[in-house]
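S.K.:
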Amino acid sequence: MTTLDDLLCLWEENREAGIPVSPEDLCAETPELLQELKWTIRALAAVESRFGVISTQQEQDRGAEVTSHRLEPSDTVLVSSEYRIEELHASGGLGSVYIATDPVLNRRVAIKFPRWKNLTAEQSARFEREARVTGRLDHPGIIPVHALKSNQTDRPCYVMRFVDGQTLQARIHALHAGTLDSKPASFYDSHEFRQLLQNLVTVCNIVAYAHGQGVIHRDIKPANIILGPFGEVLLLDWGLAKVHGETSDDPASVVTDASDGNYFETHDGQVLGTPAFASPEQLLGHTENVTVVSDVYALGATLFALLTGSYSIGKSAFHEHLDRLKLGQRFSAHEVNPAIPVALEAICCHAMEIRRADRYVSAVSMAQDIERYLAGESVSVCRDSTFVRLGRWIRRRPGLAAASATGVLIASLAGAAGAVVLGQKNQELQSNNEKLELAMEDSRSANVQALQALRTLFDDIVAQKLGSQAELTDSDRAVSAEDSAAV
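Each residue of the sequence shown is one higher than the one before, counting from 1 in my numbering.
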């Protein structure tokens, strides 16, 4: 027998299938249920209308409407923005960066323009390549590029996120300002120095990421490292980057004239890089030998600047610096300040080895050694003395060191107390020995006196004995004389 529930289920199935059906058709065989079915259907419709319940058919209709506006993978979208220039933020060897405002999103951005006014095709291509290389690197330590503007009439530029921070170069200058070259060892334990050293670890990891993407920076230096107000560490200026697999048109000649003394800005021409931080293979024009360890050298030169407040090129002329590199001679940080920790000097020297094969094999290896130093551990390129290892062990395990020191102190106190008691016993024994010696001396004196008394007594007895014998002899003579007379 058909029930109301059966009719409702049948009505729902037809509705979901998109088949129109009336209550009269459903109740053809059960007319007695028609009124009740109509009332129930009206009630369900009221509930759906009140609470926004959408039927399956309605969903399909709306889905078709949305699908008609869905973008396909081959579609293109044109998004344009106008930026209002506010001020010049920084200018370097390859370009100038301006602060601008995005009026649509109401945010500040940075816009970089090339340094040259009349661009050659090569310079324009290199600038656009910088934007594309930077844009392909997706890392928190690399500023993202928002847009690239390039046409035949205007100067190219690209828009990127603006970070209001300080360069590592400025922080290094502030750290060393007002201090002498020969800084005390405590300088390298300061919070600011250790913080900048930790920031350099972050830079090493950024460089390692880029190397993993097949990109060599070739212009790492403190001026290209930004430290943000909230702990951000960013590596900028990828305009000289070398991308694995791309053909290179880098010059191979050597700089022979640096009379301007500008060793600390990026050069675009005979030398790709900044002379004070560029690797020997870059400075000598051996661009085919530029690899990831060339960036490691620049990281070592950056560490040199952090340690000394000066540059590895020293005060020598550029051609003298080149001659020194050709002879395999480098400038040691210990020559500037012997108080630099031995481990940091070893890390710096290892990163700045003249021969590429003698350097750290990767930026990660260098970062790991700096982290070991910050953690109070032994670094891979330096063997510490026993005293240094003991001091490091105490710093790493202060609780155990304190317990050991307490044990040593207790043992020392116990030893001292034992020494005091032993000293007292020795004094008592010495006093008793002195008393015994006095008693023995008295005994010896008494013995001598007794012997003398015995000897005197013996002598008196002998004398008396001899006296008696003498008297007897005289008497015997008298008797003998009398007897002779009588005869």
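For each residue, glycine too, the CB sits at the ideal point set by N, CA and C.
If contact is defined by three or more beta carbon pairs under 8 angstroms, each pair taking one atom from either stretch, is the stretch 151-165 in contact with the stretch 108-118?
M.R.: The stretch 108-118, when compared against the stretch 151-165, does touch it at the 8 angstroms Cβ threshold.
S.K.: So what does DSSP say about Lys242, is it helix, strand or coil?
M.R.: Walking along the sequence shown from the start, residue 242 turns up at place 242. Reduced to three states, the DSSP call for Lys242 is strand.
S.K.: Going by C-alpha distance, which of Asp164, Trp116, Arg129 and Leu4 is nearest Leu148?
M.R.: Here the question's residue 148 lines up with position 148 in the sequence shown. Nearest C-alpha to Leu148: Arg129.
S.K.: Leaving aside the five residues before and after Thr2 along the sequence, list all residues of the same chain whose C-beta is less than 6 angstroms from its C-beta, in chain order.
M.R.: Here residue 2 refers to the residue found at position 2 of the sequence shown. Result list for Thr2: Thr30, in chain order.
S.K.: For His146, which three-state DSSP category applies?
M.R.: By one-based count along the sequence shown, residue 146 stands at place 146. In the structure shown, His146 sits in a strand (DSSP, three-state: E or B).
S.K.: Distance check for Gly399 and Asp268, CA to CA, integer angstroms please.
M.R.: As a position in the sequence shown, residue 268 is number 268, starting the count at 1. As a position in the sequence shown, residue 399 is number 399, starting the count at 1. Only weak support exists for where Asp268 lies, its pLDDT of 49 falling under 50; the coordinates are left without a value.
S.K.: What's the C-alpha gap between Asn199 and Cys382?
M.R.: On the sequence shown, residue 199 is found 199 positions in, with the first residue counted as 1. On the sequence shown, residue 382 is found 382 positions in, with the first residue counted as 1. Going from the Cα of Asn199 to the Cα of Cys382 covers about 22 angstroms.
S.K.: Looking at the strands, I want to know which residues DSSP matches up with Ile85.
M.R.: Position 85 of the sequence shown, counting from 1, holds the residue named residue 85. Paired residues: Ala100.
S.K.: From what residue to what residue does the alpha helix (DSSP H) around Cys348 run?
M.R.: Residue numbering aside, residue 348 sits at position 348 when the sequence shown is read from its first letter. Looking at the DSSP string, the run of the alpha helix (DSSP H) that includes Cys348 is Val342 to Ala351.
S.K.: Among Lys326, Arg324 and Cys348, whose alpha-carbon lies nearest the alpha-carbon of Ala301?
M.R.: Residue mapping note: residue 301 aligns to position 301 of the sequence shown, counting from 1. Minimum Cα distance to Ala301 is reached at Cys348.
S.K.: Quick check on this structure: which residue in Asp219, Arg356, Gly141 and Leu236 has the alpha carbon closest to the alpha carbon of Leu325?
M.R.: The residue given as residue 325 occupies position 325 in the sequence shown. Taking only the C-alpha atoms, the option nearest Leu325 is Arg356.
S.K.: Could you tell me whether the Cβ atoms of Gln169 and Pro103 are closer together than 8 angstroms?
M.R.: The count along the sequence shown starts at 1 and reaches residue 169 at position 169. The count along the sequence shown starts at 1 and reaches residue 103 at position 103. Not a contact, by the Cβ cut-off of 8 angstroms.
S.K.: With distances taken between CB atoms, is the gap from Arg171 to Leu197 smaller than 8 angstroms?
M.R.: Residue 171 sits at position 171 when you count from the first residue of the sequence shown. Residue 197 sits at position 197 when you count from the first residue of the sequence shown. Contact: no.
S.K.: Does DSSP put Tyr360 in a helix, a strand or coil?
M.R.: Position 360 of the sequence shown, counted from the first residue, corresponds to residue 360. Looking at Tyr360 - three-state DSSP - the assignment turns out to be coil, as it is neither helix nor strand.
S.K.: Would you identify the three-state DSSP class for Ile370, choosing helix, strand or coil?
M.R.: Counting from one through the sequence shown, the residue named residue 370 turns up at place 370. Helix at Ile370.
S.K.: Any chance you could list the alpha helix (DSSP H) runs of at least 4 consecutive residues sitting entirely within the stretch 151-202, in chain order?
M.R.: List check, alpha helix (DSSP H) in window: 168-176.
S.K.: Look up Leu235 in the DSSP assignment and say whether it is helix, strand or coil.
M.R.: Working through the sequence shown from its first residue, we reach residue 235 at position 235. In the structure shown, Leu235 sits in a strand (DSSP, three-state: E or B).
S.K.: Quick check on Trp238: buried or exposed, where buried means 16 or more other Cβ atoms within 10 Å of its Cβ?
M.R.: Start at 1 with the first residue of the sequence shown, and residue 238 comes out as number 238. By the 10 Å Cβ count, Trp238 comes out buried.
S.K.: Which residues in the same chain as Arg42 place their Cβ atom closer than 8 angstroms to its Cβ, once the five residues preceding and following it in sequence are excluded?
M.R.: Sequence index remark: in the sequence shown, residue 42 carries index 42 (1-based). Nothing meets the Cβ criterion.
S.K.: Please state whether DSSP places Lys465 in a helix, a strand or coil.
M.R.: Within the sequence shown, the letter at position 465 stands for residue 465. Looking at Lys465 - three-state DSSP - the assignment turns out to be helix.
S.K.: Going by the CB atoms, is the gap between Val243 and Val489 shorter than 8 angstroms?
M.R.: With the chain represented from 1 up to 487, any question about residue 489 goes unanswered, as that position is not in the structure.
S.K.: For Leu119, collect the residues of the same chain with a Cβ closer than 8 angstroms to its Cβ; drop the 5 residues on either side in sequence, then sort them by chain order.
M.R.: As a first step, residue 119 must be located in the sequence shown, where it is residue number 119. Phe127, Arg155 and Pro156.
S.K.: Among Ala17, Ser74, Leu8 and Asp25, whose alpha-carbon lies nearest the alpha-carbon of Ala45?
M.R.: Looking up residue 45 in the sequence shown gives position 45. For Ala45, the nearest C-alpha among the options comes from Leu8.
S.K.: In angstroms, rounded to a whole number, what distance separates the CA positions of Gly165 and Gly231?
M.R.: Taking the sequence shown and counting its residues from 1, the one referred to as residue 165 is at position 165. Taking the sequence shown and counting its residues from 1, the one referred to as residue 231 is at position 231. Distance between the alpha carbons of Gly165 and Gly231: 10 angstroms.
S.K.: Using the Cα positions of Leu10 and Glu24, report the straight-line distance between them to the nearest angstrom.
M.R.: Indexing the sequence shown from 1 puts residue 10 at position 10. Indexing the sequence shown from 1 puts residue 24 at position 24. If I take the Cα positions, the gap works out to 13 angstroms.
S.K.: Less than 8 angstroms between the CB atoms is what I'm expecting for Tyr360 and Val296, so what's the real figure, rounded?
M.R.: Numbered from its first residue, the sequence shown carries residue 360 at position 360. Numbered from its first residue, the sequence shown carries residue 296 at position 296. The pair is a contact, with the Cβ atoms about 5 angstroms apart (cut-off 8 angstroms).
S.K.: Drop a sphere of 10 angstroms on the beta-carbon of Leu4, count the other beta-carbons inside from all chains shown, and report buried for 16 or more, exposed for fewer.
M.R.: Numbered from its first residue, the sequence shown carries residue 4 at position 4. That one is exposed.
S.K.: For Asp257, collect the residues of the same chain with a Cβ closer than 8 angstroms to its Cβ; drop the 5 residues on either side in sequence, then sort them by chain order.
M.R.: Residue 257 sits at position 257 when you count from the first residue of the sequence shown. Residue placement at Asp257 cannot be trusted, given a pLDDT of 40 that sits under 50; what the coordinates show is reported in the next sentence. Once the five neighbours on either side are set aside, Asp257 has no close Cβ partner at all.
S.K.: By DSSP's criteria, Phe113 is part of a beta bridge. Which residues make up the other side?
M.R.: Within the sequence shown, the letter at position 113 stands for residue 113. According to DSSP, which records beta bridges pairwise, Phe113 is partnered with Ser96.
S.K.: In the structure shown, what three-state DSSP assignment does Leu283 receive?
M.R.: In the sequence shown, counting from the first residue as 1, residue 283 sits at position 283. Residue state, collapsed to three classes: helix.
S.K.: Note down the Cα distance separating Ser259 from Ser81, rounded to an integer number of angstroms.
M.R.: Position 259 of the sequence shown, counting from 1, holds the residue named residue 259. Position 81 of the sequence shown, counting from 1, holds the residue named residue 81. Per-residue confidence for Ser259 stands at a pLDDT of 42, beneath the threshold of 50, marking its modelled position as unreliable; the derived number appears in the next sentence. If I take the Cα positions, the gap works out to 44 angstroms.
S.K.: For Asn224, does the count of other Cβ atoms within 10 angstroms reach 16, so buried, or fall short, so exposed?
M.R.: What you label residue 224 is simply residue 224 of the sequence shown in a count that begins at 1. It counts as buried.
S.K.: Could you check what DSSP says for Ala298 in three-state terms: helix, strand or coil?
M.R.: The sequence position of residue 298 within the sequence shown is 298, counting from 1. Ala298 falls in the helix class under three-state DSSP.
S.K.: For Ala333, which residues from the same chain have a beta carbon less than 6 angstroms from its beta carbon, with the 5 sequence-adjacent residues on both sides left out?
M.R.: Along the sequence shown, read from residue 1 onward, the residue named residue 333 stands at position 333. Closer than 6 angstroms at the Cβ level, and outside the excluded window around Ala333, lie Phe304, Leu307, Thr308, Ile340, Glu345 and Cys348.
S.K.: Can you give me the start and stop residues for the beta strand (DSSP E) that Leu227 sits inside?
M.R.: Taking the sequence shown and counting its residues from 1, one reaches residue 227 at position 227. Counting along the chain, the beta strand (DSSP E) containing Leu227 begins and ends at Ile225 to Leu227.
S.K.: Check each candidate in Leu374, Leu284 and Phe277 and name the one with the smallest Cα separation from Phe331.
M.R.: By one-based count along the sequence shown, residue 331 stands at place 331. Nearest option by C-alpha distance: Phe277.
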